[in-house]
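Trainee: I'd like to ask you about the structure that follows.
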Amino acid sequence: MDAKESGQMGLATVLYYLTTTVLATLLGIFLVMTIHPGDPSIKAGSLPDVPVDTDVSPLDTFLDLVRNMFPENIIQATFERVQTTYVAQRPRITKNSSDEIIIMKKAISTTRGMNILGIIVFCTGFGIVISQLGERARIVVDFFVILDAVIMRWVETLMCYVFTVIAGLILHTVITCPILYFLITRKNPMFIVRGMMQAIVTAFGTASGGAALPMSMQCMEDNCHVDRRITRFVLPLGSTINMDGNALYEAVAVIFIAQLNNVDLSFAEVVTVSVTATVASIGLGSVPAGLVSILLILNTVGLPVKDVSLLLTVDWLL
């Protein structure tokens with residue numbers, strides 16, 4: 004292909020990817036507004052306000068990470084974590100001066116909020132020891148099986164949110180994309196679906212478009228008989244910027260959090276959510292990291308960032 008044909012193909016590819024991402028975002032917003040999965044009673048004030056200290060250096064944050072890995076008390080780790088803070092103090096000896104001198108002293112304290120990292124490290128070691136004890140630890144194993152069932156019952160309160168996201172992903176995959184493909188090419192989309200089945204399974208198993216990229220190229224060239232020059236140009240670009248699922252998930256998550264806080268978003272704020280979700284999904288890359296961009300969107304529309312912790316229990320699935 005010459006430079007002109009390459010430019011036209013690149014423009015058409017970007018426009019198609021942008022169109023599908025926008026459609027996915029709009030579909031997600033429509034579903035979350037219609038189903039309204041966010042119920043303020045789910046929060047019930049269970050998430051405390053965690054103060055953010057902007058004076059803490061990256062080194063302090065790293066050291067806090069290490070300290071939190073090994074909690075002094077595993078019970079305390081369920082509701083408190085270690086955090087470095089700087090406290091304003093007056094020096095004991097000061098020179099005669101009309102100006103008041105204040106120094107900042109580092110202090111290691113605890114703040115409200117679950118120490119998830121410490122709990123994971125403790126439970127990993129605890130589980131290894133239990134597995135070595137064998138039948139003698141059967142009672143403990145049964146206890147945690149029941150505990151898991153209880154926790155899953157609690158998680159069911161978020162199932163309406165999960166249903167909204169999954170319904171949007173299914174509708175976008177089964178209806179929006181095939182219809183768009185048919186309108187553009189006038190061909191049966193099932194031919195592409197059958198040819199790409201190996202790549203689809205790989206993407207589901209790895210939760211990464213980048214990991215499924217080599218298989219996608221092979222399926223398009225061998226099964227769908229697409230020109231090699233086109234697949235080598237279009238697919239790597241799509242693996243980077245065509246994140247329809249992330250765009251839909253982020254839009255639903257942000258409006259879900261707004262509904263939890265009983266906040267009615269204006270039309271302008273909904274437009275801001277859709278645009279920001281589209282742009283954030285494009286720059287997200289081909290790895291599962293949707294929560295990072297959700298924080299960005301929440302800050303943009305002024306919603307509480309701390310409520311993202313509610314999504315951690317189901318983020319792995321979505």
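In terms of my numbering, the sequence shown opens at residue 4 and continues consecutively.
Backbone N, C-alpha and C fix where the C-beta goes; we use that ideal spot for every residue, glycine too.
Note that the coordinates shown come from a computational prediction; the quantities given were computed from them, not determined experimentally.
Taking the C-alpha atoms as reference points, what is the distance between Trp242 and Ser284?
Mentor: In the sequence shown, residue 242 corresponds to position 239, counting from 1. In the sequence shown, residue 284 corresponds to position 281, counting from 1. Contrary to the premise, residue 242 reads as Ser rather than Trp in this sequence. Each residue's alpha carbon lies about 11 Å from the other.
Trainee: From Pro74 to Ile122, what distance separates their C-alpha atoms?
Mentor: Within the sequence shown, residue 74 is the residue found at index 71, counting from 1. Within the sequence shown, residue 122 is the residue found at index 119, counting from 1. One C-alpha to the other measures close to 8 Å.
Trainee: Tell me whether Asp52 sits in a helix, a strand or coil according to DSSP, three-state version.
Mentor: Against the sequence shown, residue 52 aligns to sequence position 49. With a pLDDT of 46 at Asp52, under the threshold of 50, the modelled position of that residue is not reliable, and no figure is offered here.
Trainee: Counting along the chain, where does the alpha helix (DSSP H) carrying Leu172 start and finish?
Mentor: Residue 172 sits at position 169 when you count from the first residue of the sequence shown. Here the alpha helix (DSSP H) through Leu172 covers Met162 to Leu174.
Trainee: Taking the alpha-carbon positions, what's the Leu343 to Ile297 distance?
Mentor: As shown, the chain starts at 4 and ends at 321. That puts residue 343 outside it, with no answer to give.
Trainee: Quick one: give me the first and last residue of the alpha helix (DSSP H) that Thr179 is part of.
Mentor: By one-based count along the sequence shown, residue 179 stands at place 176. First-last for Thr179: undefined, no H or E at that position.
Trainee: How would you call Ala152, buried or exposed, if buried means at least 16 neighbouring beta carbons within 10 angstroms?
Mentor: The sequence position of residue 152 within the sequence shown is 149, counting from 1. Ala152 is exposed by the Cβ-count criterion.
Trainee: To the nearest angstrom, how far is it from the Cα of Ser9 to the Cα of Val17?
Mentor: Counting from one through the sequence shown, the residue named residue 9 turns up at place 6. Counting from one through the sequence shown, the residue named residue 17 turns up at place 14. Their backbone Cα atoms lie some 12 Å apart in a straight line.
Trainee: Roughly how many angstroms separate the alpha carbons of Gly213 and Phe207, rounded to a whole number?
Mentor: Residue numbering aside, residue 213 sits at position 210 when the sequence shown is read from its first letter. Residue numbering aside, residue 207 sits at position 204 when the sequence shown is read from its first letter. Going by the C-alpha atoms only, they are around 12 Å apart.
Trainee: Closest to Asp42 by C-alpha separation, out of Leu299, Asp267 and Val278, would be which residue?
Mentor: Taking the first residue of the sequence shown as 1, we reach residue 42 at position 39. It is Asp267 whose Cα lies nearest to the Cα of Asp42.
Trainee: To which residues of the same chain is Leu161 closer than 6 Å at the C-beta, ignoring the five residues directly before and after it?
Mentor: Numbered from 1 along the sequence shown, position 158 holds the residue referred to as residue 161. Around Leu161: Val317.
Trainee: What does the Cβ neighbour count give for Gly48, buried or exposed, with the cut at 16 atoms within 10 Å?
Mentor: As a position in the sequence shown, residue 48 is number 45, starting the count at 1. Per-residue confidence for Gly48 stands at a pLDDT of 49, beneath the threshold of 50, marking its modelled position as unreliable; the derived number appears in the next sentence. When all chains shown are included, Gly48 counts as exposed.
Trainee: Work out the CA separation of Leu120 and Ile131 for me, nearest whole Å.
Mentor: Position 128 of the sequence shown, counting from 1, holds the residue named residue 131. Position 117 of the sequence shown, counting from 1, holds the residue named residue 120. About 17 Å.
Trainee: Is there contact here, the region 252-264 with the region 21-40, by at least three beta-carbon pairs under 8 Å?
Mentor: Taking 8 Å as the limit for Cβ pairs, the verdict is that the region 21-40 does touch the region 252-264.
Trainee: Using the three-state DSSP reduction, which class does Ser289 fall into: helix, strand or coil?
Mentor: The residue labelled residue 289 in the question sits at position 286 within the sequence shown. With a pLDDT of only 48 at Ser289, under 50, the local geometry of the prediction cannot be trusted, and no value is derived from it.
Trainee: What do you reckon, are the CB atoms on Asp67 and Gln79 nearer than 8 Å?
Mentor: What you label residue 67 is simply residue 64 of the sequence shown in a count that begins at 1. What you label residue 79 is simply residue 76 of the sequence shown in a count that begins at 1. No, the pair does not count as a contact, with Cβ atoms beyond the cut-off.
Trainee: According to DSSP, simplified to helix, strand and coil, what is Ile111?
Mentor: Taking the sequence shown and counting its residues from 1, one reaches residue 111 at position 108. Here Ile111 sits in strand by DSSP.
Trainee: What number of angstroms, rounded off, separates the C-alpha of Thr176 from the C-alpha of Arg197?
Mentor: Here residue 176 corresponds to residue number 173 of the sequence shown, with the count starting at 1. Here residue 197 corresponds to residue number 194 of the sequence shown, with the count starting at 1. Cα to Cα, Thr176 sits roughly 14 Å from Arg197.
Trainee: May I ask you to report which of helix, strand or coil DSSP gives Arg141?
Mentor: Taking the first residue of the sequence shown as position 1, residue 141 is located at position 138. Helix, per DSSP.
Trainee: Per DSSP, what are the beta-bridge partners of Tyr89 in this structure?
Mentor: Your numbering for residue 89 matches position 86 in the sequence shown. Its beta-bridge partners are Lys109.
Trainee: Which residue marks the beginning of the alpha helix (DSSP H) containing Arg189, and which one marks its end?
Mentor: Within the sequence shown, numbered from 1, the residue matching residue 189 stands at position 186. Element bounds for Arg189: n/a, residue is neither H nor E.
Trainee: Comparing C-alpha positions only, which one of Thr64, Ile195, Met72 and Gly171 sits nearest to Asn118?
Mentor: For the purposes of this step, residue 118 is taken as the residue at position 115 of the sequence shown. Of the listed residues, the one whose Cα sits closest to Asn118 is Met72.
Trainee: Got a sec, what are the start and stop residues for the alpha helix (DSSP H) Thr243 sits in?
Mentor: Position 240 of the sequence shown holds residue 243. Residues Arg231 to Ile244.
Trainee: If you drop the 5 nearest sequence neighbours on each side, which residues of the same chain put their C-beta closer than 7 Å to that of Val290?
Mentor: Translated into the one-based positions of the sequence shown, residue 290 becomes position 287. Note that Val290 has pLDDT 49, beneath the 50 cutoff, so the model's placement of it is unreliable and no number is given.
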